[in-house]
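Position one of the sequence shown corresponds to residue 25 (the working numbering), numbered consecutively onward. The beta-carbon is built from N, C-alpha and C at its ideal position, and this holds for glycine as well.
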Amino acid sequence: MKDLYASDALGADNSDVSAQFGGPGMRHSIRPRRTVIDHEEEFDGDLASEEALPTAAPAVSRYIGDDRAPRWQDLPIATPGPGGDMPLVDDHRNSAAARAFDLLRTRLRQTTLEHRWVNIAVTAPTSGCGNSFSATNLALSLSRVPGSRTVLMDMNMRNPGLARAFDMQAPGAMSDLLSGRADLGKGMLRVSDTLALGLNDQPEVNAAEILQDSATAETLLRLRASLQPEIVLYDMPPMLEHDDLSAFLPQLDGVLLISDGTQTMARHLRECERMLEGQVPLLGIVLNRARASSLPKYA
Numbered sequence: 025m026k027d028l029y030a031s032d033a034l035g036a037d038n039s040d041v042s043a044q045f046g047g048p049g050m051r052h053s054i055r056p057r058r059t060v061i062d063h064e065e066e067f068d069g070d071l072a073s074e075e076a077l078p079t080a081a082p083a084v085s086r087y088i089g090d091d092r093a094p095r096w097q098d099l100p101i102a103t104p105g106p107g108g109d110m111p112l113v114d115d116h117r118n119s120a121a122a123r124a125f126d127l128l129r130t131r132l133r134q135t136t137l138e139h140r141w142v143n144i145a146v147t148a149p150t151s152g153c154g155n156s157f158s159a160t161n162l163a164l165s166l167s168r169v170p171g172s173r174t175v176l177m178d179m180n181m182r183n184p185g186l187a188r189a190f191d192m193q194a195p196g197a198m199s200d201l202l203s204g205r206a207d208l209g210k211g212m213l214r215v216s217d218t219l220a221l222g223l224n225d226q227p228e229v230n231a232a233e234i235l236q237d238s239a240t241a242e243t244l245l246r247l248r249a250s251l252q253p254e255i256v257l258y259d260m261p262p263m264l265e266h267d268d269l270s271a272f273l274p275q276l277d278g279v280l281l282i283s284d285g286t287q288t289m290a291r292h293l294r295e296c297e298r299m300l301e302g303q304v305p306l307l308g309i310v311l312n313r314a315r316a317s318s319l320p321k322y323a
């Protein structure tokens, strides 16, 4: 599978976006886990593989019925505001970045449906790679599939940012939702017929401990059993800076890794793959801010 690129930023006339995310943009592939390139100078090579994806046990909810749990149509509806702090593909549907997210969406969706995978983490080796940006725009792209159901959860409890991205008021703390102290029907918001959000308004220093709590696993089982989503995307903290992702691995079916063409090194990717080896499939590497020389030119 060939890597794909977005050659321009979201919103060509937005200089802030261009400086932060675009020029030249991103590339990605959905691929099986394999050894990452051995030399940093090879970073711009094709990261894809034609091998079959690794087999994993299908995600099956062990939760048995709860008449009090909210159904999809019962979730409170909220409208994103106009002042979000990151560019959204829904506002720039004709950009190359939007098309790249759409192709990433299609590849991811085909893979998850084939293997019956539901729980996908979006993370990065280090801070500043754009994983919240990628998780948000991937969720928006997924939500445009008619009849689908996507849930986006702000699991970066140390530095929550999805409420700001959507310019919305979070209904409460994610820690309260995961622990069961907050009701699912009040802690989740639906922004369309196909997209629901789990937002957070309170940073949490004990994030890794919360993610390992059995109450968190039970809450997420209830969420999936009641809402019946096709995909749940978890926006996670950087892998190499905190143990949150490692703590959350038992809940995951796969991981998307976001790298940055201006700061991510090959050794960062190798270390991330070592952490995932034998536990959860690495579904793909998304490269933000690729160098212009690495991008193919199209007429």
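Shown here, S216 sits in coil according to DSSP, grouped into three states, outside any helix or strand.
Inter-segment contact for the segment 149 to 169 and the segment 198 to 210 is absent: fewer than three beta-carbon pairs are separated by less than 8 Å. The distance from the Cβ of E228 to that of M181 is about 4 Å, consistent with a contact at the 8 Å cut-off.
Shown here for D267: same chain residues with a beta carbon closer than 6 Å to its own, the five before and five after excluded, namely A232 in chain order. Excluding its 5 nearest sequence neighbours in each direction, T160 has C-beta neighbours in its own chain below 6 Å: A189, listed in chain order. Shortest Cα-Cα distance from N312 to any of P274, L128 and E138 involves L128.
Contact annotation: M179 and L264 have beta-carbon atoms that are not nearer than 9 Å. Rounded to whole angstroms, G171 and Q97 show a C-alpha spacing of 13 Å. At the C-beta level, R173 and Q252 come within 9 Å of one another. For D207, there is no enclosing beta strand (DSSP E), as DSSP marks it with neither H nor E. When the Cα atoms are used, G209 and L276 turn out to be separated by approximately 23 Å.
The criterion of a C-beta distance shorter than 9 Å is satisfied by L221 and M212. CA-to-CA, the gap between L112 and A102 works out to about 17 Å.
A145 sits in a strand when the DSSP states are folded into three classes. A Cβ-Cβ contact shorter than 9 Å links D225 with P195.
Beta-carbon to beta-carbon, M177 and V279 are separated by about 14 Å, too far to satisfy the 8 Å threshold. Around the beta-carbon of N143, 16 or more other beta-carbon atoms lie within 10 Å, marking it buried.
For S250, the uninterrupted alpha helix (DSSP H) run begins and ends at S238 to L251, by DSSP. Ranked by how close their Cα comes to the Cα of P106, the residues S167, A163, A121 and Q193 have Q193 in first place. About 5 Å separates the beta carbons of M260 and A145, which is inside the 8 Å limit, making them a contact pair.
Between R168 and D126, the C-beta gap is smaller than 9 Å, which places the two residues in contact. If only uninterrupted beta strand (DSSP E) runs of at least 3 residues are considered, those enclosed by the segment 255 to 321 are 255 to 259, 278 to 284 and 306 to 312. Per DSSP, the continuous beta strand (DSSP E) segment holding D178 begins and ends at T174 to D178.
A197 counts as buried, since no fewer than 16 other beta carbons sit within 10 angstroms of its beta carbon. Here Q303 is near L273, since their CB atoms are less than 9 Å apart. Counting other Cβ atoms within 10 Å of its Cβ, L186 reaches 16 or more and is therefore classed as buried. For L99, the three-state secondary structure derived from DSSP is coil.
With respect to the 9 Å criterion, M110 and S165 are not classified as neighbours on the basis of their beta carbons.
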